[in-house]
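Chains as they are written, first to last, in my numbering: chain A, 3 to 315; chain B, 9 to 394.
All C-beta atoms in this analysis are idealised placements derived from N, C-alpha and C, irrespective of residue type, glycine included.
Keep in mind that this is a model prediction, so the values were computed, not measured.
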Amino acid sequence: MDDLLARDLVVVTGKGGVGKSTVAAALGLAAARRGRRTIVAEVARRDDVSRALGGTGVHARPGAAGGGPGEDELAPGLHHLSIDPEDALDEYLVEQLPTRALADALRGSRTFGLFAAATPGMRELLTVGKAWELAQPARRSPGADPYDLVVLDAPATGHGVAVLAAPRTFAEITRVGRVARQGRTIDAMLSDPARTGVVAVARPEEMPVTEALALEQAVRATIGLDVGLVVANAVLPQRFSAADAAVLDAAADGGAPVRAARAAHARARAQRSQLRRLRRHARAPVATLPLLPAPALGRDELERLATALEAAL
Amino acid sequence: MKARLKGKRIVICAGSGGVGKTTTSAALSMGLAAEGRRVAVVTIDPARRLATALGLEELGNEPVLVDPERFAGHGIEMRGELWAMMLDAKRTFDELIERLAPDAATRDEVLSNRIYQQLSGAVAGSQEFTAVAKLYELDRSGKFDVLVLDTPPSRNALDFLDAPDRLTGFFEGRALRVFLAPTGLAARVVGRGTSVVFGILKRLTGVDLLEDLGVFFRALGGLIDGFKERAEGVKALLSDPATTFLVITSPEREPVEEAVFFASKLRDARMAFGGLVVNRVHSVDGGPPEADLDALEAALGDARLAAKVARAYAEERALAERDAAAIAALRARTGEDDPVVVPQLDGDVHDIDGLVRVHAHLFGDQPTRTIRGGRQRPSTTAARGS
C-alpha cells in the first residue's frame, strides 16, 4: 500500500456523497508533495476539485506550459482536468487517422456522430481511455508532457466499475481491429496492480460501508484487481470516554453545549461501530480522514487531509 | 409536507448521491400509507438501504406489501398499505423488450445481442430510463393511490429528467433511421459499404462491432412503435399535474449546487417543483455563541470534561452556522421559502424507529409517543431561526 502513489493511475470511487473528490484532491496533493507530476481528472462535467483548490475555471490553452487542452496547474506539481468524452474522441481520431482532414470529415459526419452517441458504453470507454492517455510517456497533444500519476475521480460505485470494465468489454465485443487492441492495452494497465491502484471511499455509516465492501468484490470480479486502500472520510473525533458520557447523560442541565456534546458523542459512537465493521471485513487497509468543521473545504483543509493521508500511507 | 403532497399521485425524490434520498422516500411513503392510502415506493439504491429499513430480505422487481405488523409499537398507526420494491434495471429492461417484441425471434435476437447486454447493464443512463419506465408501468396498473420514486444515485440529477427525451429523440429517426435506412449503416454492414465513414469505422473497430450494432438496431426496429409510445407516455407522466418533484439535499456544497441547478431545470421544463427537503442539518437550538466554561464545570463537576464539551459545542456550532448559511442560500436561489429541514440524527436510519423519526420531521408533527433519540426539534424551526 505504501507504493500507492508510485503507480501510474489511482482510481477513486465509492458511494455518492462520501467525498470522492475530496479524497482524490488530497491524494493528488500528497503525490505532488513527493515530487510526482500529478493530475487529478474529474468526470461528468464536474469541477469540484478545481473549485476547492481555487482553480479559475479558465483552462490552459492547448499545449501551454507542458499541459494538454483543459489541463490547469492548481498547485505546484498538481494539475487538473475535467474529462470531456467529446474532446477525448476528437483527440483520439486525430491521432488514429492519417490526416487531420480525415478526422474532421469523420467528426463532421452525421452517421459517425450518431454511431458514437448511440453506442452504449462509448462515453465510459472514452473517459477511461483519456485517463490512460494522460499517463502515457508520449502524449497525444503535441508539446504536452506526460504525468507521473493520474488520479481519476471516478463516478459512484456501480458506474465507476462500469468505467473500469469498459476497455475489456469493448475488446471482447470487437475482438479484432484497432479498438480491440487498444482496449486490451488499456485493460492491461488497469488490471496490473503495479500500475493501477483503486481507492474505495466511504463514510463510517452503514450504507457507504456496505458499498465500499461490495466494491472490493466487484472490482476483483470485473478487472481482477484488489482495492488498494479504503478511506473512511469525515470521521468524528472520539472525544468522550464512556465515563464522560455517563456524566453528560446524568447532568441535569448544561444547556445547548451539553446537548450538542451528547449528540456528537452518539454520532461518534455510531460511526465507531461502522468503522469497526469496515476494518473487520475490508481486505485492503483502512485509512481515516477527520470531519473538518469548515464551511467549505478549501486549499488549507485539503492540505491538512493530504497530510493525514500521508501519515496513513 | 401534507399540503405539498395533497392530490399528488406521483412523488419523485431527486437530488445528488448520499443526501438521504432513500430514507426520505421511505419515510414519506410510510407517512402517506399511514394516512390510509395504498403507496408503492420504488427504490434504486444498489446498497439496498430500504430493504434493511423495512426488514425485507429480498426486494424483487415488483412491489411487495410491507407487513403492517412491522409498524406495531413504533408510534405509527398504519391505516393504509405500504408496498416497496427495489428496481432491477437489467430485469426491467428485459421485461420491456419481452413485452414490446412482436415475436419470440425478435425478442431473443435483442436479448442475446452483446450491444443490448451492455446497454441494459451498468451503462450511464440505463437506471434512469428503467426507473421511469417502471414508474409508468406501476401507474398504469392502477393498483396504487400514490407512487414514490427514489431516483438513481446519479451525480447529475438532470440525467434523470432527460431520460425519456433522449429515448424519444433516439427513436424519432436520428440514430435509428441511419441504421435502418436501406442505405443505412446496417445495410452497409451486411452489404459492402464503400463510404469513407464506414471504411474508417471498419478499420478502427473491426467489422464485429458494426455487425452487432447493425443487428441490434434492426431488431429494435420491430419494437420501435411500442418504445416510442412508452417514452411519450413517460414524458407525459413527468409533466402530469398529479406528479411532483421533491428536491432532496444536504447542506454540503456540492449537493446544494446540484439542488439549485435541478430546481431551475424543473422550472425550465415546466415540471412541478414540489419543494425542498434539507437533510442532515446541524443545529444548536439557539444556544450561546460560546459555552460558559465555569457554568459547565459547575454542572459537570469536571474541568477537563467541561473543556471537551466546550470544544464539541464550538464544532457543532460551526457546522450549524454552515448549515444555516446553506439553507439561506437554498431559499434565495431556489425560490423555495419554506424548505423542510430534517436535523442530523444521532445515527444511521436503518430501522422503523429511524423512519418514524424522519417522518416526524417531514410531516412536522411529533408522533403520539416519545421516540427514542428524538431529541432535536422538528420541522422548519431551525431554518426560520437562522
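Exercise. Give the secondary structure of G300 of chain A by DSSP, where H, G and I count as helix, E and B as strand, and everything else as coil.
Key: DSSP, read as helix, strand or coil, puts G300 of chain A in coil.
Quiz item: If you draw a straight line from the alpha carbon of T159 of chain B to that of L136 of chain A, how long is it in whole angstroms?
Solution: Approximately 34 Å, taken between the alpha carbons.
Self-check item: Whole-angstrom C-beta distance between A32 of chain A and L311 of chain A, which should lie under 8 Å
Solution: The beta-carbon separation of L311 of chain A and A32 of chain A, rounded to 5 Å, stays under the 8 Å limit for a contact.
Quiz prompt | Per DSSP, the bridge partner or partners of H81 of chain A | solution = For H81 of chain A, which the question treats as bridged, DSSP gives the partners A:I41, A:E75.
Quiz item: Roughly how many whole angstroms lie between the Cα atoms of T24 of chain A and T198 of chain A?
Solution: Taking the Cα positions, T24 of chain A is about 20 Å away from T198 of chain A.
Practice problem: Verify whether the separation of the beta carbon atoms of P259 of chain A and Y144 of chain B is less than 9 Å. | Solution: No.
Quiz item: In chain A, what lies closer than 7 Å to G355 of chain B by C-beta?
Solution: Under the 7 Å cutoff, chain A gives A268, R269, A272.
Practice problem: Take the Cβ of D111 of chain B as the centre, count every other Cβ of all protein chains shown within 10 Å, and call the residue buried at 16 or more, exposed below. | Solution: Exposed, because fewer than 16 other Cβ atoms sit within 10 Å of the Cβ of D111 of chain B.
Quiz item: So which residues on chain B does D50 of chain A lean against when the C-beta distance must stay under 7 Å?
Solution: Within 7 Å Cβ-Cβ: E262.
Self-check item: Residue-chain proximity (E207 of chain A, chain B), Cβ-Cβ < 9 Å
Solution: Yes, its Cβ sits closer than 9 Å to a Cβ of chain B.
Practice problem: Determine the chain A residues that contact K396 of chain B at a beta-carbon separation under 9 Å, and present them in chain order. | Solution: Not covered by the structure: residue 396 of chain B. The range shown for chain B is 9 to 394.
Exercise. Measure the alpha-carbon distance for A92 of chain B versus V292 of chain B and round it to whole angstroms.
Key: Going by the C-alpha atoms only, they are around 36 Å apart.
Quiz item: Mind pulling the chain A residues with CB within less than 8 Å of L304 of chain B?
Solution: By Cβ distance, chain A contributes G256, P259, V260.
Quiz item: For V348 of chain B versus L327 of chain B, is the C-beta distance shorter than 9 Å?
Solution: Cβ atoms of V348 of chain B and L327 of chain B: not closer than 9 Å.
Quiz item: By Cβ distance below 6 Å, which residues in the same chain neighbour N69 of chain B in space, the five residues on each side in sequence not counted?
Solution: Excluding sequence neighbours, N69 of chain B sits near D96, R99.
Self-check item: Rounded C-alpha distance that separates V19 of chain B from A141 of chain B
Solution: A direct Cα-to-Cα measurement between V19 of chain B and A141 of chain B gives close to 15 Å.
Self-check item: C-beta atoms of E43 of chain B and R78 of chain B nearer than 9 Å
Solution: Against a cut-off of 9 Å, the Cβ pair of R78 of chain B and E43 of chain B comes out as no contact.
Quiz item: Got a sec: is the Cβ-Cβ distance from H358 of chain B to anything in chain A below 9 Å?
Solution: Yes, because at least one Cβ of chain A sits closer than 9 Å to the Cβ of H358 of chain B.
Quiz prompt | Collapsed DSSP secondary structure at I225 of chain A in the structure displayed | solution = For I225 of chain A, the secondary structure class from DSSP, reduced to helix, strand or coil, is helix.
Quiz item: Exposed or buried, P71 of chain B, counting other C-beta atoms within 10 Å across all chains shown (16 or more means buried)?
Solution: It is buried - the Cβ of P71 of chain B has at least 16 other Cβ atoms within 10 Å.
Self-check item: C-beta atoms of G282 of chain B and F235 of chain B nearer than 9 Å
Solution: Between G282 of chain B and F235 of chain B, the C-beta spacing is not below 9 Å.
Quiz item: CA-CA distance, Q184 of chain A and A190 of chain A?
Solution: Taking the straight line from one Cα to the other gives about 10 Å.
Quiz item: Does the pairing of the stretch 242–252 of chain A with the stretch 206–215 of chain A give three or more beta-carbon distances under 8 Å?
Solution: Result no; under three Cβ-Cβ pairs closer than 8 Å.
Quiz item: Is the stretch 308–317 of chain B touching the stretch 241–253 of chain B in the sense that three or more CB pairs, one from each, lie closer than 8 Å?
Solution: By the Cβ rule, the stretch 241–253 of chain B does not count as touching the stretch 308–317 of chain B, because fewer than three pairs are nearer than 8 Å.
Practice problem: Please name the residue or residues paired with E89 of chain B in a DSSP beta bridge. | Solution: Looking at the DSSP assignment, E89 of chain B forms a beta bridge with B:R46.
Quiz item: Would you say A299 of chain B reaches chain A, if we count a Cβ-Cβ gap shorter than 9 Å as a contact?
Solution: For A299 of chain B, the closest Cβ of chain A is nearer than 9 Å.
Quiz item: Are the beta-carbon atoms of A307 of chain B and A253 of chain A separated by less than 9 Å?
Solution: Judged by beta-carbon spacing, A253 of chain A lies within the 9 Å limit of A307 of chain B, meaning their Cβ atoms are closer than that value.
Self-check item: Chain-order list of residues whose beta-carbon lies under 8 Å from that of R2 of chain A (same chain, five-residue window excluded)
Solution: Residue 2 of chain A is absent from the structure shown; chain A starts at 3 and stops at 315.
Quiz item: Looking at the C-beta of S84 of chain A, does it have a partner C-beta in chain B at a distance below 9 Å?
Solution: Cβ-Cβ to chain B under 9 Å: no for S84 of chain A.
Quiz item: What's the call for L73 of chain B, buried or exposed, on a 16-neighbour Cβ count within 10 Å?
Solution: The residue is exposed, with fewer than 16 neighbouring Cβ atoms inside 10 Å.
Quiz prompt | Per DSSP, cross-strand counterpart(s) of P139 of chain A | solution = DSSP output for P139 of chain A lists no bridge partner at all.
Quiz prompt | Contact set between R180 of chain A and chain B, taken where Cβ atoms lie within less than 9 Å | solution = Chain order gives the chain B residues near R180 of chain A as R211, L212, T213, G214, where near means a beta carbon separation below 9 Å.
Quiz item: Along the stretch 186–200 of chain A, what residues have a CB closer than 7 Å to any CB found in chain B?
Solution: Residues of the stretch 186–200 of chain A that bring their beta carbon within less than 7 Å of a beta carbon in chain B are absent altogether.
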